[in-house]
Amino acid sequence: MNDRDELYRRLFRTSLLIRLVEERVIELYPSDRIQSPVHLSIGQEAVAVGVCDALRADDLVFATYRSHAFYVAKGGRLDAMFAELYGRMGGVSKGKAGSMHLSAPEVGLMGSSAVVASTIPHAVGAAHSFKRRSDSRIAIAVFGDGATEEGVYHECLNFAALMKVPVLFICEDNGLAVHSHRPVRQSYTLQKHAATFGIASRRLDEGWDMLAVREATMAAAAKVRAGEPFVLEIATSRYKEHVGTGEDFHFGYRTSDDTDAWKRRDPLIIDQQLVESLRPELECEIAEAVAFAERSPSPGRAELLTDII
Amino acid sequence: MLSYANALLETMDGGLAAHPNAFIMGQGVDDFKGIFGSVTDLAKKYGSQRVFDVPLMEEGMTGIAIGAALVGDYPITTHIRADFSFLAMNQILNLASKYHYMFGGIMSCPMLIRLVVGRSWGQGAQHSQSPQATFAHYPGLTVIMPATSQAIVDMYPQIINRHRGPVISIEHRLLYNLDFSVSDSGKRVPLTSYVAREGRDVTVVATSVMVVEALRAAQYVQEKAGIEAEIIDLNSISHPDWDLVAESVRKTGRLVIADTSWLEYGVAAEVCRQLVLRDPGLLRSPPSMLGMAPAPCPTAKSLEDIYYPSQHETVDAILTQVRGVGHDIALPTEKSMTEGYRRFRGPF
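For the protein sequence lines, the chains are A and B, in the order given. To convert, note that position 23 of the first sequence is 735 in the numbering used here; the numbers rise steadily by one, no gaps. To convert, note that position 319 of the second sequence is 323 in the numbering used here; the numbers rise steadily by one, no gaps.
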């Protein structure tokens, strides 16, 4: 196996792990063991995996409520994730965070927020601190296309450009804000908008391609590490409903045509041979994580008023 | 003697000196006015990396502070009027106040957010709000209202060097130019309430500039009527010493609450809630309450003068508590601005 094959296999493995984790979430959901809204990343795995693989291990990622993919891609513990979804003491945050607020500071995932766009300035602030301390790390703000409509996104671009902050803005463009399509929400294009701040940018349409995402991120990260912010917009596709475990084509706000086109290019669907060769070990890993969550105790009353200040 | 502004300057300077990762950002922090003298020349002393101006971006700035705090820095942000902090509410309420709890204790946002409340010289509806009740409502925030230079030199070093969560400090513009005697505070003082004046006849629970008002009123009623008012400077709005308040009221049986904001759902309401929960029989008569009139702040001087509780009303409240509604003690002729405030001229 040459280096590129090995790289592909590594990225594919992590992407498949994310998908199988979320498919397990779908199976578990009717049991009500996970009593928390879930926003699934199925269809968007390649973005998280390509981005995180391109970073240094100590670079920091600030994410959104659609947090499962980035959590796994950045290297968060699977057992602590399932325990968190279960609302158990063994969870990353003792069950107080749940699906929408996964974090893994030990591997550089610095939180995820349910309020759209709200972690973008955190990435800018962390990156600004790195610059102040002459630390070579960079910070990555991950957000959806809808987040770019929020005022704080514009504030952050201005500040990052003005102060030359080493922050990489990653827009996961799935074209939807809950059920609203991008053309009814945006009068601008992201790249032209970034250019008005003097910020370099790139749009990658092949967001299903883990290698392409990785390469685009490596190039962008190199520019950021050299001391300039960068906006990388990556097209992707959300296969499932905005929140929940089902599909939503029958509601009529979108058809399956878009996702079908995406699925025809999705390596996790096309490359069944590799899927089947990796599946047993990944399923085993997931089963252990779920078993850990099942065994983990629920937080008791003592936790209710712990860690407030 | 140390002015409030100089106490702020000393503690900001001391914080930057003691904590290499501390920095100050806010609109105009490096300009010639230096946030009313509270950070003057610190940009020169510590460099533009540690004291810097920002674009007009209250939410973004506060989020940037959170990001810096999450990687171990200590941010201090400023709002020259508290009203502008409302643009940062999302970051303060949805994020900073929740990160420690929501992530099960693995994230911390130690940071200091300084807000300055405006009053007088036509500050109007949007330069005069005093949002202590708003912020103190949210678990996860520590809210303080230093009323004196002593409170600043006691609390700020402790907050910057030791406190692990976000702190909202609500400073009052009218206090900036006042001088206070300050005693050594090398000893560790918790973020709590102060007894600003001891007395046996009536308890006055006050916040911020109303502590100064209450002290003046106490002096007046002592001279004119021999009444000894006990003044409690609530100081730590989110975590006051309620036992101190309750014990004082148990002793006096009479209560005046003097706050810088509206009474409805505010500090006055919370003081009553805490007392009633402890012992509904503590008071011998219904309490008196002083706060802003239940309206947005008017700009016209004639209205502004009656919008805030005057010295006249503060004295009357204390006398009414002790002597009853029909008391015949003469009230001070001064209706509005005290001598201290007369020195204050706009626009800032």
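C-beta atoms are modelled at their ideal positions from N, C-alpha and C, and glycine is treated no differently.
Item                                                                                                             : Value
3 or more residues per run - each beta strand (DSSP E) lying fully within the region 906 to 953 of chain A       : 912 to 916 and 942 to 947
Exposure label - A:TYR965; buried when at least 16 CB within 10 Å                                                : exposed
Three-state secondary structure (DSSP) of B:ARG349                                                               : The predicted model places B:ARG349 with a pLDDT of 49, which falls under 50 and marks its position as unreliable; any figure quoted below should be read in that light. B:ARG349: coil per DSSP, three-state reduction.
Neighbour-count burial assignment, A:LYS843, 16 or more Cβ in a 10 Å radius                                      : buried
Contacts of A:PHE942 in chain B (Cβ-Cβ under 9 Å)                                                                : None at all; the shortest Cβ gap to chain B is about 17 Å.
Closer than 7 Å: B:ALA69 CB and nearest the ligand SAM heavy atom                                                : Annotation note on the ligand SAM: not contained in the displayed structure, which lists no ligands.
B:TYR269 classed as buried or exposed, judged by whether at least 16 other C-beta atoms fall within 10 angstroms : exposed
B:VAL186 and B:SER212 closer than 8 Å at C-beta                                                                  : no
Residues in the region 93 to 112 of chain B having any Cβ partner in chain A nearer than 8 Å                     : ASN94, GLN95, ASN98, LEU99, TYR103, HIS104, TYR105, MET106, PHE107, GLY108, GLY109, ILE110 and MET111
Whole-number beta carbon distance between A:PRO1009 and A:MET822, since they are thought to touch under 8 Å      : No, A:MET822 and A:PRO1009 are not in contact; Cβ-Cβ is about 27 Å, not under 8 Å.
Short-range partners of chain A found in the region 55 to 80 of chain B, where Cβ spacing is below 9 Å           : PHE56, VAL58, PRO59, LEU60, MET61, GLU62, GLU63, GLY64, MET65, THR66, GLY67, ILE68, ALA69, ILE70, GLY71, ALA72, ALA73, LEU74, VAL75, GLY76, ASP77 and PRO79
Test: A:CYS868 CB closer than 8 Å to a CB of chain E                                                             : Protein chains A and B are contained in the structure displayed, whereas chain E is not.
Contacting residues, own chain, Cβ-Cβ under 6 Å from B:GLN278 (five flanking each side not counted)              : TRP246
Of the listed residues A:ARG778, A:VAL864, A:GLY858 and A:ASN870, nearest to A:PRO941 (C-alpha basis)            : A:ASN870
Strand pairing of B:MET293, partner residues [DSSP]                                                              : B:ILE261
Best match in A:ALA775, A:ASP921 and A:PHE963 for proximity to A:ARG976 [C-alpha to C-alpha]                     : A:ASP921
Best match in B:LEU179, B:LEU248 and B:ALA229 for proximity to B:GLU202 [C-alpha to C-alpha]                     : B:LEU248
Spatially closest choice to A:VAL890 from A:GLU867, A:ASP765, A:GLY858 and A:GLU757, by CA coordinates           : A:GLY858
Contacting positions in the region 850 to 878 of chain A - beta carbon closer than 8 Å to chain B                : ALA851, GLY863, VAL864, GLU867, CYS868, ASN870, PHE871 and LEU874
C-alpha distance - B:ASN94 paired with B:LEU238, whole-angstrom precision                                        : 27 Å
Test: B:PHE348 CB closer than 8 Å to a CB of chain A                                                             : Any reading at B:PHE348 must be qualified, since the residue scores a pLDDT of 48, below 50, and its modelled position is unreliable; no value is offered.
Chain-ordered residues of the region 132 to 151 of chain B with a beta carbon less than 7 Å from chain A         : PRO143, GLY144 and THR146
Contact set for A:GLY939: own chain, Cβ-Cβ below 8 Å, skip 5 residues either direction                           : LYS843, LYS876 and PRO878
Same chain only: Cβ atoms within 6 Å of A:THR831, ignoring 5 sequence neighbours per side                        : PHE774 and SER825
Exposure of B:GLY169, with buried meaning 16 or more beta-carbon neighbours within 10 Å                          : buried
Beta-carbon gap between B:SER42 and B:MET16 smaller than 8 Å                                                     : yes
Alpha-carbon spacing of B:LEU60 relative to B:GLY108, whole angstroms                                            : 33 Å
Distance, A:GLN747 Cα to A:ASP771 Cα                                                                             : 32 Å
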